[in-house]
Amino acid sequence: MSYCDYVQKAGKDPVHKLYHDKEYGFPLKSDNELFARLILEINQAGLSWETILKKKDNFFKAFDDFDIDKVSRYSEKKIDKLLQDAGIIRNRLKIEATIHNAKSIKAIQKEFRSFKNWLNQQHPKTKDEWVKLFKQNFRFTGGEIVNEFLVSTGYLQGAHIETCPVYKKVIKLKPKWAEKIAGEI
């Protein structure tokens with residue numbers, strides 16, 4: 261079952277519908293937005309996406325709106341504070357990965373001017389190539405996490421089925437995966 265079908269059939273909780281209709285598969289503009297999505301995907305590992313969506317606002321508050329510069333400078337004291345925050349996923353490995361990944365993005369920004377530029381210059385790659393690349397640069401980035409990050413940010417196809425009304429909205433925003441399709445037409 262596609263996420264589109266799931267959202268249509270689930271119907272009860274608007275958290276999935278809002279994410280599906282307004283965020284999933286939509287290209288993101290800023291490095292901080294991309295960083296936030298990566299970290300939310302990392303935190304989903306072992307949990308339901310619904311749990312993450314319900315805690316999303318708490319994550320943004322706890323992690324300074326995913327400001328890469330700020331997160332890259334987090335201290336042990338800040339880690340301890342985050343481990344006490346019931347509004348987020350209190351997992352030391354995931355919190356430490358968040359800080360490490362912010363530092364990695366800062367290094368990427370130095371070389372490529374932005375995380376988004378780096379992603380754009382890596383495109384197109386297969387899922388396996390992307391996973392290898394992410395594992396070389398980031399922590400806590402296995403196949404499913406990398407795949408969902410790339411699908412959810414428009415680098416890999418698959419966020420919406422073609423019959424989904426949101427599909428047309430996403431296509432109008434020219435996600436990276438659609439460049440291949442545009443080149444074939």
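Just add 260 to the spot in the sequence shown (first one is 1) and you have our numbering. Built from N, CA and C at the ideal position, the CB exists for glycine as well. It should be emphasised that the depicted structure is a prediction, and the values quoted were computed from it without experimental measurement.
{"query": "Please classify Leu433 as buried or exposed, where buried requires at least 16 other C-beta atoms within 10 Å of its C-beta.", "result": "exposed"}
{"query": "Are the CB atoms of Tyr318 and Asp345 nearer to each other than 9 Å?", "result": "Correcting the residue identity first, residue 318 is Asn in this sequence and not Tyr. Yes."}
{"query": "Do Phe398 and Asn361 have their C-beta atoms closer together than 9 Å?", "result": "yes"}
{"query": "On a CA-only basis, which of Ile405, Ile359 and Ile355 is nearest Glu301? Give me that one, please.", "result": "Ile405"}
{"query": "Using the C-alpha atoms, what's the distance from Lys366 back to Arg373?", "result": "9 Å"}
{"query": "To which residues of the same chain is Cys424 closer than 7 Å at the C-beta, ignoring the five residues directly before and after it?", "result": "Cys264"}
{"query": "Using the Cβ count rule (16 or more neighbours within 10 Å means buried), how would you classify Asp325?", "result": "exposed"}
{"query": "Checking 9 Å against the spacing of the C-beta atoms, do Gly414 and Phe286 come in under that value?", "result": "yes"}
{"query": "The alpha helix (DSSP H) spanning Trp390 covers which residue range?", "result": "Lys387 to Asn397"}
{"query": "Quick one: what's got a C-beta closer than 8 Å to Val275's C-beta in the same chain, skipping five residues either side?", "result": "Glu310, Leu313 and Lys314"}
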